[in-house]
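In what follows, a single structure is set out as structure tokens and then discussed.
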Amino acid sequence: MAALMTSDHDDTDRLAIEITECKHMGISVLSLDVNESFVEFAVVPNENKIRFGMSAVKGVGVVAVPVEEVLRAREDGPFTSVEDFVRRVSTSKFARKAWESFIKSGAFDDMGDRSDLLFNLDSITSFASKLQKEAASGADQFVWNVGWR
-17 MAALMTSDHD DTDRLAIEIT ECKHMGISVL SLDVNESFVE FAVVPNENKI
33 RFGMSAVKGV GVVAVPVEEV LRAREDGPFT SVEDFVRRVS TSKFARKAWE
83 SFIKSGAFDD MGDRSDLLFN LDSITSFASK LQKEAASGAD QFVWNVGWR
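Here you go:
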């Protein structure tokens, strides 16, 4: 079922049917989670569950969000907060709509209430932008100091 759902990730009508079929088969479909989800739908080992894939969330997909970067950052351990996520993942390519979709789909449910996160989205994106600018200026300063320009 996970493979079928992955192949239909951009067809919400088909996904709805497949999720209903999973329920009839006794398979739980878990929401998106930045600490657990992959690009595609994935079977949870040793459990009768499928984890929602990042590519299936409208406004997220693999183009709108650097999913591979999320997965790489996760190799250093689970994200402990939205702030931790922003610090470890380059969010410069995240559009506001992608942030909203991530939050609304439950990707950060372990880190905060959806309504609180949506309410604070401007602060989150401002903080992310500030970190990106600091990182870029720090890299430029380093390059300037060692004379690589």
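Numbering (my numbering), first residue to last: -17 to 131.
C-beta atoms are modelled at their ideal positions from N, C-alpha and C, and glycine is treated no differently.
At least one CB of chain D closer than 7 angstroms to the CB of N30: is that the case? Although the question refers to chain D, the structure presented lacks it and comprises just one protein chain.
Beta-carbon gap between E51 and V71 smaller than 7 angstroms: Their beta carbons are under 7 angstroms apart, which means E51 touches V71 by this criterion.
Could you please give the first and the last residue of the uninterrupted alpha helix (DSSP H) stretch that includes K75? Element bounds for K75: n/a, residue is neither H nor E.
Three-state secondary structure (DSSP) at L12? strand
How is V25 classed by DSSP in three states: helix, strand or coil? strand
With distance defined between alpha-carbon atoms, name the residue in R96, E116 and M(-13) nearest to K31. That would be M(-13), whose Cα lies nearest to the Cα of K31.
Where E22 falls, given that 16 or more other Cβ within 10 Å makes a residue buried: buried
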